[in-house]
Every structure is written in C-alpha cells, then in structure tokens.
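Before any comments, here is the structure.
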Amino acid sequence: MLDFGLMMLTVFIIILTLIFYAGIFLDFIKPSILQVHLLGIHLTLFGVIILLAFEGARGFGFTFGLIGLFIGIFGSFRNPGMTKDQ
Numbered sequence: 001m002l003d004f005g006l007m008m009l010t011v012f013i014i015i016l017t018l019i020f021y022a023g024i025f026l027d028f029i030k031p032s033i034l035q036v037h038l039l040g041i042h043l044t045l046f047g048v049i050i051l052l053a054f055e056g057a058r059g060f061g062f063t064f065g066l067i068g069l070f071i072g073i074f075g076s077f078r079n080p081g082m083t084k085d086q
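Anchor point for the sequence shown: position 8 equals 8 in my numbering, and the numbering is continuous, going up by one each time.
What follows is the structure, given as structure tokens:
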C-alpha cells in the first residue's frame, strides 16, 4: 500500500511539474527566478526526506530529487527580463 501511495504521489508531482512548465511556456504564469529555484529546492529536499524516511523507496526519492534538480536548473537559464516587478 505504501508503494501505491508513493507511486500516486510521484505521478501527481510529475503532472504538476508538466502543468508548471506549460504555464510558463504559454505565459499563463510568470514566476521570478527565485521562485523557480525555491520550488526546485523544495522538491529536492522532499526527495531526500523520502529517501531517509522509507527504506524501500529509493526510486521514488531519487525521482523527486531529479525533478527538483531539473526545475532548479531551468530557473537558472530563464531570461530575467521576462518578469515584471510591480
């Protein structure tokens, strides 16, 4: 049952990540570079917590860590002129 819950959580995070990228590319949302970095750091730390908390969930924690790493790297290469401070 634990594996099913972690698998559903992983699928949910992947779907939310795809929605996040689609929103950025279609200009529905315009997060700052710092917000994108913080989202990546939170997902990476969540992956580390899953790695440490569940003994047999190394694949799930590694997947969360990679998703967070990719989001953080994506934030590094964004054009800073895209966001508007109000």
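Glycine included, each C-beta is placed from N, C-alpha and C at the ideal position.
Is the Cβ-Cβ distance between residue i and residue j less than 8 angstroms?
i          : j          : result
residue 40 : residue 69 : yes
residue 75 : residue 36 : yes
residue 2  : residue 54 : yes
residue 64 : residue 29 : no
residue 58 : residue 51 : yes
Since residue i contacts residue j with CB under 8 angstroms, what's their CB separation in whole angstroms?
i          : j          : result
residue 61 : residue 48 : 7 angstroms
residue 67 : residue 43 : 5 angstroms
Please specify which runs of the alpha helix (DSSP H), each continuous and at least 4 residues long, are wholly inside the segment 27-70, giving them in chain order.
-> Under the rule that a run must span 4 or more residues, the alpha helix (DSSP H) segments found entirely inside the segment 27-70 read 33-53.
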